[in-house]
Every structure is written in C-alpha cells, then in structure tokens.
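Participant:
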Amino acid sequence: MSYHNPPTKPRLSATFDEYTMSEIRRAAATGIYDIRGGGAKRKLPHFDDLLFLGASISRYPLEGYREKCGTNVVLGSRFAKKPIELKIPITIAGMSFGSLSGPAKEALGRGATIAGTSTTTGDGGMTEEERGHSQLLVYQYLPSRYGMNPKDLRRADAIEIVVGQGAKPGGGGMLLGQKISDRVADMRTLPKGIDQRSASRHPDWTGPDDLEIKILELREITSWEKPIYVKVGGARPYYDTALAVKSGADVVVLDGMQGGTAATQEVFIEHVGMPTLACIRPAVQALQDLGMHRKVQLIVSGGIRNGADVAKALALGADAVSIGTAALIAIGENDPRWTADYEALGTTAAAYDDWHEGKDPAGITTQDPELMKRVDPVAAGRRLANYLKVMALETQTIARACGKNHVHNLEPEDLCALTIEASAMAQVPLAGTNWIPGKGGY
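If you're matching positions, the sequence shown starts at 697 in my numbering and goes up one per residue.
The structure is reproduced here in structure tokens:
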C-alpha cells in the first residue's frame, strides 16, 4: 500500500515562477532587456510596516477644531537669499516635459499652486505652461543639461542638481524616439524620433569638491537668491547626504527605490537601490552628525501615497516629502474610464507602466496630439489640489493625535514597527517591546 498522495495540481517553482520563465523566454527571443516605467513592483518594507502611538494618558492630544497644527515648511534657508516657503510639506517631484505631455505639466503646476506648494521641471527643460502656472517652480539640473540656460535658472525659484534617482541610482535617463516630437526635439536639441539616453553622471564634475564648485557657479548665476537642492538615489544615504551638505547644498532630496521613472531597465527598477524606509534614518543621522539637521532640509520621495506616509517620513526626521507617481494618478493616469484602451494595449489601467511607448490612453505620458486632448489641465489641476489637501489634513490629524502642534514635531518616539525588518530600518521599537534590532532592549 502506498501512502504517497500525488498532488492534484502541479507545483510551480518559487524560484522559476511563471513571470520569471516568461522573462527568460522573452530575453531569449529578442536579445534585449525589458524597459518600462513606474517603480518597483516587488513587496518591500515600507511605511505600512509602521504605526503611530497616539496620545492617551501619558501624552495629551490636541483638539482638532480648536487647537492649531502647523503644516508650513521653509526650504533653502541655509544660504539662499530667497528660500521657498510652502504651506504644506508635500512637493511635486521632477517629471520631464517629453516624458509627460504639456497639458499634464500644466496640471501639475496648477494643482501645486492651489495647494501652496512647489512643482519641479524634470529633465526636459522649462516649459511656459509649467512656469506660467507654477507659483513655485524648481528647475532640475541633470547630466543631460537639456534646456539649461542662465535665463531659466534665474526664472526658477530653486535649482535641483540631480545626482541620482531612486528607480535607477547610477543610471541615466531614457526617452525613446516615439516621444521625441518636434517640440521636444527643439527643447532638447535632439533629432526628432531618435532614442535618447542621458549620461549617468555629470560631465563637469566627478566628486564633492567639483560639486562644490558647481554649486557656487549656480549661486553666482542666480545672485545667491535661489536655494540649491542636491538629489540622490537611495543607495548610500549617510555618505551621500554628508557629502551633499559639505558641498554646500541648502536641501537634500533623497529618493528611495519605490520612486518611479519614465523609462529604464526592469532589472534596474527591481534590483538596484534601497527601500525608502531604509534610507531616511541614515540620512538624518548624517545631518545630525554634522549639526545640520533642520538647517539643511531633507526631502524624502519614493512611494509616498497618503498622509500617513507623509507623517511617518516627518516623524523619522524628514522636513518634507515629494510625490511623483501619486500625483500622476491624481491628475488621471491609469484612470479606469480608459479601461478598453488599456486592454487594447495588452494591459490594464491599474498596471499600465509602458510610459516610454508614448501610447498612454490617459494622455499624460505621451506626446500624441490626439491623446493629449484627453487631459483637461484645469480640472486635473483641481483634482491634484484636492488630493494634496487631503494628504495634508491626514498628516495634521495624526500629528494632533500624537499631541503635536506642528507636523515637524512628530518624532521617532511616536512610532513602533510591525516587523523586525521595519524596526531595523526605521530604528523604532518592534510593537509591544522596546527592542530595536542591533540596538538592544527587550
């Protein structure tokens, strides 16, 4: 008699699952790597793995209807004559014209202005739509230098030197030929319809000493008025933050691997960089070790979705956050009303990330004139403003529950972790204990 019962259904390998095998077959058939947009799709330790410890007897909560809780933040107060003053600690990340359509860029500017915050140009230069509708506009200075000129540097309200991006630290930008229209080609001084790939590092500096010289050049060009940000991808946050500060940055922007991108290799998105949650505390530690925490502001980005995420980033030591993918969703990206069009492309509204192909049914990540007509920048801007308002209110709600009269008064002591991994990364106790892995306790 046999006691072995064969399984009723064949068992798939956890290592060679269906997706992995399909990628092997695709690579074998084509000989090229996969390119897509968006951010990492694998499950990573994130803000959901943290919880706030609201006030009860040992802490005194604030009354939401009678006691104020501030959300304002000043960015660039270290050296700039004209630091940026925001009503909320949530900014719009850099997303280029070329990657995004003109109406989408306009919508981002409109929404940010209504909400009292800033938006950022991205790698395509400054468009009149975005400058005209953005009360506060940050100009990104990237290795490509697309559209870079002294006039636009002076027209900006801040300058962000991009060293790295969370979705592809160590990699350059990509814009495929189908999105390089006449206007994009003219702004970037590129041939129309030809694939573009930016350099992975700046051509005129290789280290912090040269970066310091570049920052001084930008300050001279802008009469020391504009705050200078330095953006790094989440890889070695302690040292990168310390070197950015020593180079003279007013603000450090730290982008974790959940941050999105317009286009890069799939292997980059899923296998390079560190989770946003793992990046914050080392960066804050670097600022504290240099005596510059809150003097040089820290902006965190990569997978921020709601007010709870904002509050947790602030509690861990950030001064503000930046959103990209969430902002695109707010203005209409992956909208289910275009479900039939997404399905015709072989995908779904919830999963569409082939932004590099220029066929976006929502009209946001495309240069197709007919698809762009689907974006109403006024209505989309209002939706973004509503979303930002909700995020700010959620952040305030949590801060009040923790007894704070300003969102920047949130602190690690207000948090606990649900998993050992999150506890180690965020350096807050595992729930129900005072134990932090590697730090002792019980």
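Ideal Cβ positions, reconstructed from N, Cα and C, are used throughout, including at glycine.
What residues in its chain sit with their C-beta under 8 angstroms from that of E966, if we drop five residues either side in the sequence?
Facilitator: Mapped onto the sequence shown, residue 966 falls at position 270. Taken in chain order, the residues that qualify are A736, K737, R738.
Participant: Quick one: measure Cβ to Cβ for E921 and K777, integer angstroms, because I've assumed they're closer than 8 angstroms.
Facilitator: Counted from its first residue, the sequence shown places residue 921 at position 225. Counted from its first residue, the sequence shown places residue 777 at position 81. Indeed they touch by this definition, with Cβ atoms about 5 angstroms apart.
Participant: Decide if D936 is buried, meaning its Cβ has at least 16 other Cβ atoms within 10 Å, or exposed.
Facilitator: Position 240 of the sequence shown, counted from the start, is the residue given in the question as residue 936. So D936 counts as buried.
Participant: Under a Cβ-count criterion, where at least 16 other Cβ atoms within 10 Å of its own Cβ denotes burial, should D900 be classed as buried or exposed?
Facilitator: As a first step, residue 900 is located in the sequence shown; it is residue number 204 there, counting from the start. Counting Cβ neighbours within 10 Å, D900 comes out exposed, since fewer than 16 surround it.
Participant: Checking the sheet assignment: what are the DSSP bridge partners for A724?
Facilitator: In the sequence shown, the residue the question calls residue 724 occupies position 28. Its beta-bridge partners do not exist; DSSP assigns none.
Participant: Out of F964, L939, P971, which has the shortest C-alpha to C-alpha gap to G952?
Facilitator: Your numbering for residue 952 matches position 256 in the sequence shown. For the residues F964, L939, P971, the minimum Cα distance to G952 belongs to P971.
Participant: Tell whether a beta-carbon distance below 8 angstroms holds between T787 and Q861.
Facilitator: Numbered from 1 along the sequence shown, position 91 holds the residue referred to as residue 787. Numbered from 1 along the sequence shown, position 165 holds the residue referred to as residue 861. Not in contact: T787 and Q861 (Cβ atoms no closer than 8 angstroms).
Participant: DSSP on D714, reduced to helix/strand/coil?
Facilitator: As a working note, residue 714 is residue 18 in the sequence shown. Sequence inspection shows Glu at residue 714; the Asp mentioned does not correspond to that position. Three-state DSSP puts E714 in a helix.
Participant: Which value, in whole angstroms, describes the spacing of the CA atoms of P887 and A710?
Facilitator: Reading the sequence shown from its first residue, position 191 is the one you call residue 887. Reading the sequence shown from its first residue, position 14 is the one you call residue 710. About 45 angstroms.
Participant: Looking only at its chain, what residues have a beta carbon closer than 6 angstroms to the beta carbon of L747, apart from the 5 residues adjacent to it on each side?
Facilitator: Along the sequence shown, one-based indexing puts residue 747 at 51. Within the same chain, L747 has close Cβ partners C1112.
Participant: So with Cβ pairs under 8 angstroms, would you call G1099 a contact of chain B?
Facilitator: Included in the structure is just one protein chain, with no chain B present.
Participant: Between the segment 1115-1126 and the segment 751-765, can you find at least three pairs of beta-carbon atoms closer than 8 angstroms?
Facilitator: No, because fewer than three Cβ pairs between the segment 751-765 and the segment 1115-1126 fall closer than 8 angstroms, the two stretches do not touch.
Participant: With a threshold of 8 angstroms, are at least 3 pairs of Cβ atoms found where one atom belongs to the segment 801-811 and the other to the segment 1074-1082?
Facilitator: Touching, per the Cβ criterion.
Participant: Can you tell me which of D848, L914, Q874, D878 puts its alpha carbon nearest to the alpha carbon of W1051?
Facilitator: Residue numbering aside, residue 1051 sits at position 355 when the sequence shown is read from its first letter. Nearest C-alpha to W1051: Q874.
Participant: With a threshold of 8 angstroms, are at least 3 pairs of Cβ atoms found where one atom belongs to the segment 888-896 and the other to the segment 982-994?
Facilitator: Taking 8 angstroms as the limit for Cβ pairs, the verdict is that the segment 982-994 does not touch the segment 888-896.
Participant: Considering only residues of the segment 931-955, which uninterrupted alpha helix (DSSP H) runs meet the minimum length of 4 residues and lie entirely inside it, listed in chain order?
Facilitator: For the segment 931-955, whole alpha helix (DSSP H) runs of length 4 or above, ordered along the chain, are 933-942.
Participant: Report buried or exposed for I780, applying the criterion of at least 16 other Cβ atoms within 10 angstroms of its Cβ.
Facilitator: Locating residue 780 in the sequence shown gives position 84, where the first residue counts as 1. Per the 10 Å Cβ criterion, buried.
Participant: Restricting to runs no shorter than 4 residues, where is the alpha helix (DSSP H) found entirely within the segment 975-1003?
Facilitator: Qualifying alpha helix (DSSP H) stretches: none in this window.
Participant: Just to confirm, are G812 and L833 a CB contact at a threshold of 8 angstroms?
Facilitator: Counting from one through the sequence shown, the residue named residue 812 turns up at place 116. Counting from one through the sequence shown, the residue named residue 833 turns up at place 137. No, the pair does not count as a contact, with Cβ atoms beyond the cut-off.
Participant: Would you give the residue range spanned by the alpha helix (DSSP H) that A958 belongs to?
Facilitator: The residue labelled residue 958 in the question sits at position 262 within the sequence shown. Counting along the chain, A958 falls outside any alpha helix (DSSP H), though it belongs to the beta strand (DSSP E) covering 957-961.
Participant: Taking only the alpha-carbon atoms, compute the straight-line gap between A789 and V996 and give it to the nearest angstrom.
Facilitator: As a working note, residue 789 is residue 93 in the sequence shown. As a working note, residue 996 is residue 300 in the sequence shown. Computed Cα separation, rounded: 10 angstroms.
Participant: Taking only runs that begin and end inside the segment 1002-1090, name each unbroken beta strand (DSSP E) of 3 or more residues, in chain order.
Facilitator: Entirely contained in the segment 1002-1090, the beta strand (DSSP E) runs reaching 3 residues are, in chain order, 1016-1019.
Participant: For R1070, count the other beta carbons within 10 Å of its own beta carbon; 16 or more makes it buried, fewer makes it exposed. Which is it?
Facilitator: Residue 1070 sits at position 374 when you count from the first residue of the sequence shown. Classification of R1070: buried, given that the 10 Å Cβ count is 16 or more.
Participant: The beta strand (DSSP E) that contains G734, what's its start and end?
Facilitator: The residue given as residue 734 occupies position 38 in the sequence shown. Looking at the DSSP string, the run of the beta strand (DSSP E) that includes G734 is 731-734.
Participant: Figure out for me which residue from L1067, K801, A1058, K927 has the closest Cα to the Cα of V947.
Facilitator: By one-based count along the sequence shown, residue 947 stands at place 251. Ranking L1067, K801, A1058, K927 by Cα distance to V947 puts K927 first.
Participant: Based on Cα-Cα distance, which residue from T885, R884, G1099, V880 lies nearest to A1011?
Facilitator: Within the sequence shown, the letter at position 315 stands for residue 1011. Ranking T885, R884, G1099, V880 by Cα distance to A1011 puts G1099 first.
Participant: Which first and last residues belong to the beta strand (DSSP E) in which G929 is found?
Facilitator: In the sequence shown, residue 929 corresponds to position 233, counting from 1. Segment 924-929, the beta strand (DSSP E) holding G929.
Participant: Counting only the same chain and skipping the five closest in sequence on each side, list residues whose C-beta sits under 7 angstroms from that of S1119.
Facilitator: Along the sequence shown, one-based indexing puts residue 1119 at 423. Only A1113, P1125, L1126, I1132, P1133 meet the Cβ criterion.
Participant: So, at 6 angstroms on beta carbons, what are the nonlocal neighbours of F964 in its own chain, with the 5 sequence-adjacent residues on each side left out?
Facilitator: As a first step, residue 964 is located in the sequence shown; it is residue number 268 there, counting from the start. Once the five neighbours on either side are set aside, the close Cβ partners of F964 are K864, G867.
Participant: Would you identify the three-state DSSP class for D775, choosing helix, strand or coil?
Facilitator: Position 79 of the sequence shown holds residue 775. Before going further, note that residue 775 is Phe rather than Asp in the sequence given. In this structure, F775 counts as coil in the three-state DSSP scheme.
Participant: Taking the beta strand (DSSP E) that L1111 belongs to, which residues open and close that run?
Facilitator: Working through the sequence shown from its first residue, we reach residue 1111 at position 415. Element bounds for L1111: 1111-1113.
Participant: If you reduce the DSSP assignment to three classes, tell me which class Q1092 lands in.
Facilitator: Counting from 1 along the sequence shown, the entry for residue 1092 is found at position 396. Helix.
Participant: DSSP puts Y837 in a beta bridge; with which residues?
Facilitator: As a first step, residue 837 is located in the sequence shown; it is residue number 141 there, counting from the start. Note: Y837 sits in a beta bridge opposite I857.
Participant: Between Y925 and V949, which are expected to be in contact by the criterion C-beta below 8 angstroms, what is the C-beta distance as a whole number of angstroms?
Facilitator: Taking the sequence shown and counting its residues from 1, the one referred to as residue 925 is at position 229. Taking the sequence shown and counting its residues from 1, the one referred to as residue 949 is at position 253. About 5 angstroms separates the two Cβ atoms, so the contact holds.
Participant: Can you tell which of T1091, D730, A724, F712 has the C-alpha that lies nearest to the C-alpha of A959?
Facilitator: Taking the first residue of the sequence shown as position 1, residue 959 is located at position 263. For the residues T1091, D730, A724, F712, the minimum Cα distance to A959 belongs to D730.
Participant: Does the pairing of the segment 1030-1044 with the segment 713-726 give three or more beta-carbon distances under 8 angstroms?
Facilitator: Taking 8 angstroms as the limit for Cβ pairs, the verdict is that the segment 713-726 does not touch the segment 1030-1044.
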